[in-house]
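Report on one structure; see the data block that follows.
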Amino acid sequence: MPSASALRIQIENALERRFPSALTPQPRTILETASTGIPEVDRLLDGGLPVGAISEITGPVSSGRTSLALAFLAQRTSEDRVCAWVDANDSLDSESAAANGVALKQLLWVRCKNQLQGTKPIERPDFSRPVFSRLDQALRATDLLLQAGGFAALVLDLGSTAPEHAAKVSLATWFRFRQAADRTRCSLLVLAQEPLSQSSAAVVLECAPLTAQSANQTVLGGCSYKVSPGRLASSIKTLSIAGQRKPPAVEWSATGAGQREASA
Amino acid sequence: MSPNLYACAHAEEFPAQALLRIRTELASQPVAILDGRPPLEMVCSLNRQTRLKGAALGMTRLETESISGLHLLARSLETEAAASAVFLECAAHFSPRLESVSNEYACACVLDITGTERLFGPPELLAERLRAALASSGLRASVAVSANFHTACMKAATTRGITVIPPGQEAAALSRLSLAALNLPIDHAETFAIWGIRTLAELAALPESDLVARLGPQARDWRNLARGVLPHTFQPIEAGFSLQEFCAFETPVEQIDSLLFIGARMIDCLATRAATHALSLASLAVQMQLDGAPVYQRTIRPALATIDRKFLLKLLQLEIAAHPPQAAVLSLTLSAQAGQSSKVQLGLFAPQTPEPSRLDVTIARLKAITGEDRVGSPVLEDSHRPGSFRMESFAIANSSSAYKPVESSSVLPRMALRRIRPPTPVRVQLNDLKPVAFRDREQSFKVSAAYGPWRTSGCWWSTEAWNTEEWDVLAKSSSGASIACLLVRNCTHNRWQLEAFYD
Numbered sequence: 009m010p011s012a013s014a015l016r017i018q019i020e021n022a023l024e025r026r027f028p029s030a031l032t033p034q035p036r037t038i039l040e041t042a043s044t045g046i047p048e049v050d051r052l053l054d055g056g057l058p059v060g061a062i063s064e065i066t067g068p069v070s071s072g073r074t075s076l077a078l079a080f081l082a083q084r085t086s087e088d089r090v091c092a093w094v095d096a097n098d099s100l101d102s103e104s105a106a107a108n109g110v111a112l113k114q115l116l117w118v119r120c121k122n123q124l125q126g127t128k129p130i131e132r133p134d135f136s137r138p139v140f141s142r143l144d145q146a147l148r149a150t151d152l153l154l155q156a157g158g159f160a161a162l163v164l165d166l167g168s169t170a171p172e173h174a175a176k177v178s179l180a181t182w183f184r185f186r187q188a189a190d191r192t193r194c195s196l197l198v199l200a201q202e203p204l205s206q207s208s209a210a211v212v213l214e215c216a217p218l219t220a221q222s223a224n225q226t227v228l229g230g231c232s233y234k235v236s237p238g239r240l241a242s243s244i245k246t247l248s249i250a251g252q253r254k255p256p257a258v259e260w261s262a263t264g265a266g267q268r269e270a271s272a
Numbered sequence: 153m154s155p156n157l158y159a160c161a162h163a164e165e166f167p168a169q170a171l172l173r174i175r176t177e178l179a180s181q182p183v184a185i186l187d188g189r190p191p192l193e194m195v196c197s198l199n200r201q202t203r204l205k206g207a208a209l210g211m212t213r214l215e216t217e218s219i220s221g222l223h224l225l226a227r228s229l230e231t232e233a234a235a236s237a238v239f240l241e242c243a244a245h246f247s248p249r250l251e252s253v254s255n256e257y258a259c260a261c262v263l264d265i266t267g268t269e270r271l272f273g274p275p276e277l278l279a280e281r282l283r284a285a286l287a288s289s290g291l292r293a294s295v296a297v298s299a300n301f302h303t304a305c306m307k308a309a310t311t312r313g314i315t316v317i318p319p320g321q322e323a324a325a326l327s328r329l330s331l332a333a334l335n336l337p338i339d340h341a342e343t344f345a346i347w348g349i350r351t352l353a354e355l356a357a358l359p360e361s362d363l364v365a366r367l368g369p370q371a372r373d374w375r376n377l378a379r380g381v382l383p384h385t386f387q388p389i390e391a392g393f394s395l396q397e398f399c400a401f402e403t404p405v406e407q408i409d410s411l412l413f414i415g416a417r418m419i420d421c422l423a424t425r426a427a428t429h430a431l432s433l434a435s436l437a438v439q440m441q442l443d444g445a446p447v448y449q450r451t452i453r454p455a456l457a458t459i460d461r462k463f464l465l466k467l468l469q470l471e472i473a474a475h476p477p478q479a480a481v482l483s484l485t486l487s488a489q490a491g492q493s494s495k496v497q498l499g500l501f502a503p504q505t506p507e508p509s510r511l512d513v514t515i516a517r518l519k520a521i522t523g524e525d526r527v528g529s530p531v532l533e534d535s536h537r538p539g540s541f542r543m544e545s546f547a548i549a550n551s552s553s554a555y556k557p558v559e560s561s562s563v564l565p566r567m568a569l570r571r572i573r574p575p576t577p578v579r580v581q582l583n584d585l586k587p588v589a590f591r592d593r594e595q596s597f598k599v600s601a602a603y604g605p606w607r608t609s610g611c612w613w614s615t616e617a618w619n620t621e622e623w624d625v626l627a628k629s630s631s632g633a634s635i636a637c638l639l640v641r642n643c644t645h646n647r648w649q650l651e652a653f654y655d
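Written out as structure tokens, the structure is:
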């Protein structure tokens, strides 16, 4: 009686032309990850955000996207790495970045601006054009920085860009970003209100606000946020006998300004 | 002690050579250089192709314009000065003792090469290397080597290529030269012509005492010159090292591409000159004379001193594209500051960082896209004004000297603000001096909790004074979305603004 391995080889040889290595499990590609600095999120992602891939952090305003991205940058800059923040709407607060531990000297901040500012007013203002203009600048800047290489993390902040405008970015652009990020080993974080890059993203995290804490009813003490995985790369998903299940959402909290002063 | 030995390098038609050194596209074209005030300009220098077309020195502009296919350029003394500096700099590589013997239309210098045989080999080899070095700088010169200073000068000025005159053979080497090589005053030249004296050999053969009796004591020097025995006291000059190139255009240039075409050649020359001194270019200053506008000046400072021509040209292109000149360009000057060749010590376990030269180009491109002041590193201002910062140029700091932030693992995640620039004006409804609802241009919000006020003020002595009241507000929009935001009241004008969202 032939052994199981011999039988498997026999079947694979028979099916080789149509299904190469039909019964051999594909080798699992383990993505290198980098810690986000938030233990709850790291546990959810099995180590952190992937290196050399696109990660999307989506959610509405006040859902903790920016705090999560800054915590990640703080981790990367603390390792003497260089990061970049492409700010489509010029909304980064440098004080918040410093308070979260980001080394500002190692952060290249690209502030996109409305190119129509300063031009003479026109009769019917076209509100869509400035948005596209900023978005276009942000995409071009991201492309340049990814091609330049050497950045450990790059945040493309489209968090304040209307989803209907951000969704018009072609999938070919995201695919190009993914290839460039992979080649230069750069973690590309996309902050947006809704998922944009679809299959090009290795990780999509959906953020939502939970509760706000107050200290003595006079100070905003902090906020709790919920993070649930919208999409995880196969290498990050936890394999189980029952099949591939989406990990449950996790909660994490960030302290507010009052807590900061108290701890200081 | 070995006898003195001199090498003279002589570049004739220097006005033409200096211009063609930069304008390489005209190198194979017939070019005539005009000097003088319009309309009385005359040809002062020309190249071989122009001679073949029938042009000659001293022709007027009208005469030269009648010759088809001739490129007429105006003489540029600045370009000649820059080329002359390059000429002397090349010569200084072979001997520290130089004496300039240039005249109005030729650049020449004499090198004291006594005792250089062990460094450069025999005089023939040194002459070849000197000529090749000058040729690599875009200058064509003839070289003559002699034990007599004046013999070397006269021979180099009157013959092409390389001539090495053995000691004692000076008179023989000069014998066939015309009397014009001595640059005699016109009346004396006429006297010699009447006597039938046409070559230096014939002059050398005249008896010294009779010659002095008829023409005066200077005739002794002429005779000694013709015999190759006139002594000379060497007066060495200090060959300066200044990295500067100049090019004046015959017509105002409006196209950036045309400027860059010339700029590329100038950068090439600067980089080559710096490299010969084992140096790099630390900064590049661009100066343009504009047609009816102030002088255009920009400075390019790469992160690391470099001699990478393509990289410097790209930076120049991006700089000019980001700050285009306001009028047509009359002349272009590139001056460089030399710096030590940069060496970067990489560590085996050091994290990967952007390549400095590539990062320079990337940042220049980003600035071209977003604006000059929109790219860099944020630096917090030493001020209590909320949200104050300034932008500084981004540079990769040396990890040993870089500012170390607070250990990030010890920092708890903190609520970050997303600033709204410029802030949105809102209408706020108050109850017991606390916001209970507010409304912007699009929707209304109902406040569920308001924490504050946090009052700040400062700079009351200046126009940048501020006096504000901040409220951390939790609110629900009319669409049901929960937000945490920062409402600010300008106490001076009693205006409310939505400054930021907590995110």
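Residue numbers (my numbering), protein chains in the order written: chain A, 9 to 272; chain B, 153 to 655. Glycine included, every Cβ here is placed at the ideal spot set by N, Cα and C. It should be emphasised that the depicted structure is a prediction, and the values quoted were computed from it without experimental measurement.
| field | Integer Cβ distance of L52 (chain A) from V235 (chain A), believed to fall under 8 Å | value | Right, the Cβ-Cβ distance comes to about 7 Å (below 8 Å), so this counts as a contact.
| task | Give the DSSP bridge partners of Y233 (chain A), in chain order. | result | Paired residue(s): A:P217, A:W260.
| task | Check whether the Cβ of C91 (chain A) lies closer than 8 Å to any Cβ atom in chain B. | result | Closer than 8 Å: no.
| said: Give me, in chain order, the residues of the same chain whose beta-carbon lies closer than 7 Å to that of A188 (chain A); leave out the 5 immediate sequence neighbours on both sides. | reply: The residues are L154, Q155.
| field | Under 8 Å between C-beta atoms of L331 (chain B) and K307 (chain B) | value | For the pair L331 (chain B) and K307 (chain B), the CB atoms are not nearer than the 8 Å cut-off.
| request: Tell me whether the beta-carbon of V118 (chain A) lies closer than 8 Å to the beta-carbon of D144 (chain A). | output: No, they are not a contact pair.
| message | Which residues of the region 29-54 of chain A have a Cβ closer than 8 Å to any Cβ of chain B? Give them in chain order. | response | Listed by position, the residues of the region 29-54 of chain A near chain B (Cβ gap below 8 Å) are G45, I46.
| Short Cβ contact (8 Å threshold) for P58 (chain A) with V211 (chain A) | Less than 8 Å divides the Cβ of P58 (chain A) from the Cβ of V211 (chain A).
| query | Assuming A488 (chain B) contacts S435 (chain B) under a Cβ cut-off of 8 Å, what Cβ separation, rounded to an integer in Å, is found between them? | reply | The beta carbons of A488 (chain B) and S435 (chain B) sit about 7 Å from each other, so the pair counts as a contact at 8 Å.
| Given that a residue counts as buried once 16 or more other Cβ atoms are within 10 Å of its Cβ, and exposed if not, what is S71 (chain A)? | Buried: at least 16 other Cβ atoms inside 10 Å.
| field | For G676 (chain B), the first and last residue of its enclosing alpha helix (DSSP H) | value | The requested residue 676 (chain B) is not part of the displayed model; chain B covers only 153 to 655.
| field | Cut-off 6 Å between Cβ atoms - residues of its own chain near I472 (chain B), not counting five sequence neighbours on either side | value | For I472 (chain B), where only same-chain residues beyond five positions count, the Cβ hits under 6 Å are I408.
| said: Short of 9 Å Cβ to Cβ, which residues in the region 635-655 of chain B face chain A? | reply: Within the region 635-655 of chain B, the qualifying residues are I635, A636, C637, A652, F653, Y654, D655.
| task | Taking only the alpha-carbon atoms, compute the straight-line gap between G415 (chain B) and L486 (chain B) and give it to the nearest angstrom. | result | Per the coordinates, the alpha-carbon of G415 (chain B) lies some 8 Å from the alpha-carbon of L486 (chain B).
| said: I believe S63 (chain A) touches S195 (chain A) by the beta-carbon criterion, under 8 Å. Please report the beta-carbon distance rounded to the nearest angstrom. | reply: That belief holds up - the Cβ atoms of S63 (chain A) and S195 (chain A) are roughly 7 Å apart, short of 8 Å.
| Within chain A, partners of V527 (chain B) - CB distance below 9 Å | The contacting residues are L116, W117, V118, R119, A149.
| message | Can you check which of these residues, B:R203, B:D624, B:V578, is closest to T226 (chain A) by C-alpha distance? | response | If you compare the alpha carbons of B:R203, B:D624, B:V578 with that of T226 (chain A), the shortest gap goes to B:D624.
| task | In the DSSP assignment, find the unbroken alpha helix (DSSP H) run with C305 (chain B) in it and report its ends. | result | Taken as a continuous stretch (DSSP letters only), the alpha helix (DSSP H) holding C305 (chain B) covers 301-310.
| Comparing the C-beta of D409 (chain B) with each C-beta of chain A, is any distance below 8 Å? | So no, D409 (chain B) is outside the interface.
| query | Which same chain residues, not among the five before or five after K205 (chain B), have their C-beta less than 6 Å away from its C-beta? | reply | Cβ neighbours of K205 (chain B) beyond the five flanking positions: P182, I219.
| query | For the region 501-530 of chain B, which residues have a beta carbon sitting closer than 7 Å to at least one beta carbon of chain A? | reply | Flagged, chain order: P503, Q504, T505, P506, E507, R510, L511, T514, R517, L518, I521, T522, G523, R526, V527, G528, S529, P530.
| query | Any idea if D88 (chain A) is buried or exposed, counting beta-carbon neighbours within 10 angstroms, 16 or more meaning buried? | reply | Taking all protein chains in view, the Cβ of D88 (chain A) is crowded by 16 or more other Cβ atoms within 10 Å, so the residue is classified as buried.
| request: Could you tell me which uninterrupted alpha helix (DSSP H) segments, each at least 4 residues in length, are contained entirely in the region 28-97 of chain A, listed from first to last along the chain? | output: Scanning the region 28-97 of chain A from its first residue to its last, the whole alpha helix (DSSP H) runs of 4-plus residues come out as 47-52, 73-86.
| So D525 (chain B) and L482 (chain B) are in contact, right, with Cβ under 8 Å, and what is the actual spacing, rounded? | At roughly 30 Å, the Cβ-Cβ gap does not stay under 8 Å, so D525 (chain B) and L482 (chain B) are not in contact.
| said: Just to confirm before moving on: does the CB-CB distance between V578 (chain B) and L650 (chain B) stay below 8 Å? | reply: The criterion of a C-beta distance shorter than 8 Å is satisfied by V578 (chain B) and L650 (chain B).
| query | So, does the CB of N108 (chain A) fall closer than 8 Å to a CB anywhere in chain B? | reply | Answer yes: the Cβ-Cβ gap between N108 (chain A) and chain B drops below 8 Å somewhere.
| message | Whole angstroms are fine: how far does the CA of A437 (chain B) sit from the CA of L431 (chain B)? | response | Note on geometry: alpha-carbon atoms of L431 (chain B) and A437 (chain B) lie some 17 Å from one another.
| query | Can you give the Cα-Cα distance for Q206 (chain A) and R239 (chain A), rounded to whole angstroms? | reply | C-alpha separation (whole angstroms): 9 Å.
| query | Over what stretch of residues does the alpha helix (DSSP H) that includes F463 (chain B) continue unbroken? | reply | That run of the alpha helix (DSSP H) goes 461-474.
| query | Going by C-alpha distance, which of B:T268, B:L186, B:E164 is nearest G313 (chain B)? | reply | Cα-wise, what sits closest to G313 (chain B) is B:E164.
| query | On the three-state DSSP scale, how would you describe L133 (chain B)? | reply | Not covered by the structure: residue 133 (chain B). The range shown for chain B is 153 to 655.
| task | Return the Cβ separation of L147 (chain A) and T181 (chain A) in integer angstroms, given the expectation that the two are a contact with Cβ distance under 8 Å. | result | Right, their Cβ atoms sit about 6 Å apart.
| task | Please state if the CB of C399 (chain B) and the CB of T231 (chain B) are separated by a distance shorter than 8 Å. | result | Yes, Cβ-Cβ distance for T231 (chain B) and C399 (chain B) is below 8 Å.
| query | Using a C-beta to C-beta distance shorter than 9 Å, which residues of chain B count as neighbours of W182 (chain A)? | reply | Against chain B, the beta carbon of W182 (chain A) has no neighbour under 9 Å; the closest one sits roughly 20 Å away.
| task | Please compile the residues from chain A whose C-beta is within a distance smaller than 7 Å of the C-beta of L569 (chain B). | result | For L569 (chain B), the chain A residues whose C-beta falls within less than 7 Å of its own C-beta are D101, S104, listed in chain order.
| task | Would you identify the three-state DSSP class for E165 (chain B), choosing helix, strand or coil? | result | Assignment of E165 (chain B) by DSSP, reduced to helix, strand and coil, places it in the coil class.
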